[in-house]
């Protein structure tokens with residue numbers, strides 16, 4: 012069994028990003044059940060109150076303001 016995982020750290024002000032990420036996580040889980048080479052997704056929601064931390068992982072930052 013392969014332990015590939017994608018970690019998504021996100022902020023959701025109106026709930027849209029939270030909803031999208033949870034649907035993406037469900038889809039990844041379904042695809043992983045079909046083929047365990049497909050990665051699973053771990054989610055971490057942060058807010059203004061989240062304490063800063065360091066990460067040694069590669070990451071992508073995406074921001075959309077409407």
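In this note's numbering, the protein residues as written are 12 to 77.
All residues carry an ideal CB built from backbone N, CA and C; glycine is no exception.
Euclidean distance between Cα positions of residue 36 and residue 73: The sequence position of residue 36 within the chain shown is 25, counting from 1. The sequence position of residue 73 within the chain shown is 62, counting from 1. Going by the C-alpha atoms only, they are around 17 Å apart.
Residue 29 to residue 48 span [Cα, whole Å]: Taking the first residue of the chain shown as 1, we reach residue 29 at position 18. Taking the first residue of the chain shown as 1, we reach residue 48 at position 37. Taking the straight line from one Cα to the other gives about 25 Å.
Note down, in chain order, each residue of its chain lying with its Cβ closer than 6 Å to the Cβ of residue 18, except the 5 sequence neighbours on either side. Counting from 1 along the chain shown, the entry for residue 18 is found at position 7. Cβ neighbours of residue 18 beyond the five flanking positions: 53.
Inter-residue spacing [alpha-carbon to alpha-carbon] between residue 32 and residue 65: Position 21 of the chain shown, counted from the start, is the residue given in the question as residue 32. Position 54 of the chain shown, counted from the start, is the residue given in the question as residue 65. Whole-angstrom Cα-Cα distance: 22 Å.
Are the beta-carbon atoms of residue 55 and residue 40 separated by less than 9 Å? Residue mapping note: residue 55 aligns to position 44 of the chain shown, counting from 1. Residue mapping note: residue 40 aligns to position 29 of the chain shown, counting from 1. No, the pair does not count as a contact, with Cβ atoms beyond the cut-off.
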